[in-house]
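S.K.:
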Amino acid sequence: MIELIQFAWSPFCLVQRRILEYAQAEFEIIDIPPSDRSLVWRLTRQRYYEVPIVQHGPTVVFEIDQDSQVVAKYLDDQLQLGLFPRSWAGVQNILWRYFEHEIEGIGFRLNDIYYQEFVPPDERLNYLRFKERKFGHGCINQWKRDQEHLLNELAHQLEPCEIMLTGKDYLLGEQPLFVDFDLYGMLANFLYSGHYKLPGIDTNLQRWYERLQRLNKALALSK
Ligand SMILES: N[C@@H](CCC(=O)N[C@@H](CS)C(=O)NCC(=O)O)C(=O)O
Numbered sequence: 003m004i005e006l007i008q009f010a011w012s013p014f015c016l017v018q019r020r021i022l023e024y025a026q027a028e029f030e031i032i033d034i035p036p037s038d039r040s041l042v043w044r045l046t047r048q049r050y051y052e053v054p055i056v057q058h059g060p061t062v063v064f065e066i067d068q069d070s071q072v073v074a075k076y077l078d079d080q081l082q083l084g085l086f087p088r089s090w091a092g093v094q095n096i097l098w099r100y101f102e103h104e105i106e107g108i109g110f111r112l113n114d115i116y117y118q119e120f121v122p123p124d125e126r127l128n129y130l131r132f133k134e135r136k137f138g139h140g141c142i143n144q145w146k147r148d149q150e151h152l153l154n155e156l157a158h159q160l161e162p163c164e165i166m167l168t169g170k171d172y173l174l175g176e177q178p179l180f181v182d183f184d185l186y187g188m189l190a191n192f193l194y195s196g197h198y199k200l201p202g203i204d205t206n207l208q209r210w211y212e213r214l215q216r217l218n219k220a221l222a223l224s225k
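Take the sequence shown: its position 83, counted from the start at 1, is 85 in the working numbering, and no numbers get skipped.
As structure tokens, this is what we get:
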């Protein structure tokens, strides 16, 4: 049984969760409090403390740098998903960096504005403290003040994705690849608080997001 160690609103966890759901794999989610990484630390034998990680029997899988995709590639391999075809190697790397830095950097700030609504009460102090130590004192209030600007910026950063989706179902063609799940995770984090919608009306991106939300491997292969 594959176990995904995570917390629910993390953009990177949302990517792996959607991949597992897509694969219709048997898996279990183990939610940890964001402030307590002891399980991750123990399972990785003191080599890693971020989420997500995956435990699969005796194997524990985790990232080796900011832009590695060790977990996704492991799941892809185990579940035979074909999300990393050789023909798109390189292009996918460039895209996932864009999604995980530019898009994620705006999306998580917009979601974190509402952290009190989804972080459990006993976790809020540590959550705020972690954010303020990383991004500066008063950062969440600053993001609140910047909300409109951040939303415009996100819409602007998503424009290339809208163009990529013109005339096709997925970012790089007619089959979903890793980058589809990756962008999905970043946007699912942005949308997590329930206060936002994807920009625009009846856009390619909105239709793609809805498609990704309900997609499974059997459905994708039947096309
Ligand atoms: N590149 C990693 C990034 C993972 C990451 O940044 N996870 C965040 C949660 S969203 C984390 O655990 N950060 C360390 C911390 O919160 O102490 C991946 O793709 O999994």
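C-beta atoms are modelled at their ideal positions from N, C-alpha and C, and glycine is treated no differently. These numbers come from a predicted model, not from an experiment.
Taking the DSSP output, what are the residues bridged to Q57?
M.R.: On the sequence shown, residue 57 is found 55 positions in, with the first residue counted as 1. The partner list for Q57 (beta bridge, DSSP) reads E5 and V62.
S.K.: Does ligand 1 have a heavy atom nearer than 7 Å to the CB of F137?
M.R.: Stepping through the sequence shown from its first residue, residue 137 is reached at position 135. No, ligand 1 has no heavy atom inside 7 Å of this Cβ.
S.K.: On the three-state DSSP scale, how would you describe F29?
M.R.: Along the sequence shown, read from residue 1 onward, the residue named residue 29 stands at position 27. The answer is strand: DSSP assigns F29 an E or B state.
S.K.: Would the region 79 to 88 count as touching the region 10 to 27 if we require 3 or more Cβ pairs under 8 Å?
M.R.: Flag = yes, the region 79 to 88 and the region 10 to 27 touch.
S.K.: Does the Cβ-Cβ distance between W90 and D184 come in under 8 Å?
M.R.: Locating residue 90 in the sequence shown gives position 88, where the first residue counts as 1. Locating residue 184 in the sequence shown gives position 182, where the first residue counts as 1. Not in contact: W90 and D184 (Cβ atoms no closer than 8 Å).
S.K.: Is the closest heavy atom of ligand 1 to the C-beta of Y51 under 7 Å?
M.R.: Residue mapping note: residue 51 aligns to position 49 of the sequence shown, counting from 1. Yes, since a heavy atom of ligand 1 falls inside the 7 Å radius drawn around the Cβ of Y51.
S.K.: Determine the extent of the alpha helix (DSSP H) in which S224 is found, giving its start and end residues.
M.R.: Walking along the sequence shown from the start, residue 224 turns up at place 222. Here S224 belongs to no alpha helix (DSSP H), and DSSP marks it neither H nor E.
S.K.: Of the residues A190, Q215 and L174, which one's Cα is nearest the Cα of V93?
M.R.: For the purposes of this step, residue 93 is identified with residue 91 of the sequence shown, where counting begins at 1. When each option's Cα is compared against that of V93, the closest is L174.
S.K.: Is the Cβ-Cβ distance between V73 and P60 less than 8 Å?
M.R.: Within the sequence shown, residue 73 is the residue found at index 71, counting from 1. Within the sequence shown, residue 60 is the residue found at index 58, counting from 1. No, the Cβ-Cβ distance between V73 and P60 is not below 8 Å.
S.K.: If we count Cβ pairs, one from each stretch, closer than 8 Å, do we get three or more for the region 126 to 135 versus the region 196 to 207?
M.R.: Result no; under three Cβ-Cβ pairs closer than 8 Å.
S.K.: In chain order, which alpha helix (DSSP H) runs of at least 4 residues are fully inside the region 129 to 169?
M.R.: Within the region 129 to 169, the complete alpha helix (DSSP H) runs of at least 4 residues are 141 to 147 and 149 to 166.
S.K.: Curious, which full-length alpha helix (DSSP H) runs of at least 4 residues does the region 65 to 95 contain?
M.R.: Fully enclosed alpha helix (DSSP H) runs of 4 or longer: 72 to 81.
S.K.: At which residue ranges does the region 172 to 209 contain complete alpha helix (DSSP H) runs of 4 or more residues, listed in the order of the chain?
M.R.: Correct list: 180 to 193.
S.K.: Check each candidate in E176, I142 and F120 and name the one with the smallest Cα separation from L193.
M.R.: Locating residue 193 in the sequence shown gives position 191, counting from the first residue. The candidate whose alpha carbon is nearest that of L193 is F120.
S.K.: Return the first residue and the last residue of the alpha helix (DSSP H) that Y24 is part of.
M.R.: Mapped onto the sequence shown, residue 24 falls at position 22. Counting along the chain, the alpha helix (DSSP H) containing Y24 begins and ends at P13 to Y24.
S.K.: Say the cut is 7 Å; is the CB of F132 nearer than that to a heavy atom of ligand 1?
M.R.: On the sequence shown, position 130 is the one that residue 132 refers to. Yes.
S.K.: Does the distance between the C-beta of Q68 and the nearest non-hydrogen atom of ligand 1 fall short of 7 Å?
M.R.: Within the sequence shown, the letter at position 66 stands for residue 68. Yes, ligand 1 has a heavy atom inside 7 Å of this Cβ.
S.K.: Which same chain residues, not among the five before or five after S37, have their C-beta less than 8 Å away from its C-beta?
M.R.: Here the question's residue 37 lines up with position 35 in the sequence shown. The answer, listed in chain order, is E125, N128, Y129 and F132.
S.K.: Should S195 be listed as close to ligand 1, given that the test is whether its C-beta is under 7 Å from any heavy atom?
M.R.: Here residue 195 refers to the residue found at position 193 of the sequence shown. Incorrect: S195 has no Cβ contact closer than 7 Å to ligand 1.
S.K.: For I7, is the classification buried or exposed, using 16 other Cβ atoms within 10 angstroms of its Cβ as the cut-off for buried?
M.R.: Numbered from 1 along the sequence shown, position 5 holds the residue referred to as residue 7. Looking at its Cβ environment, which holds 16 or more other Cβ atoms inside 10 Å, I7 is buried.
S.K.: Does D124 come out as helix, strand or coil in the three-state DSSP assignment?
M.R.: Taking the first residue of the sequence shown as position 1, residue 124 is located at position 122. In the structure shown, D124 sits in a helix (DSSP, three-state: H, G or I).
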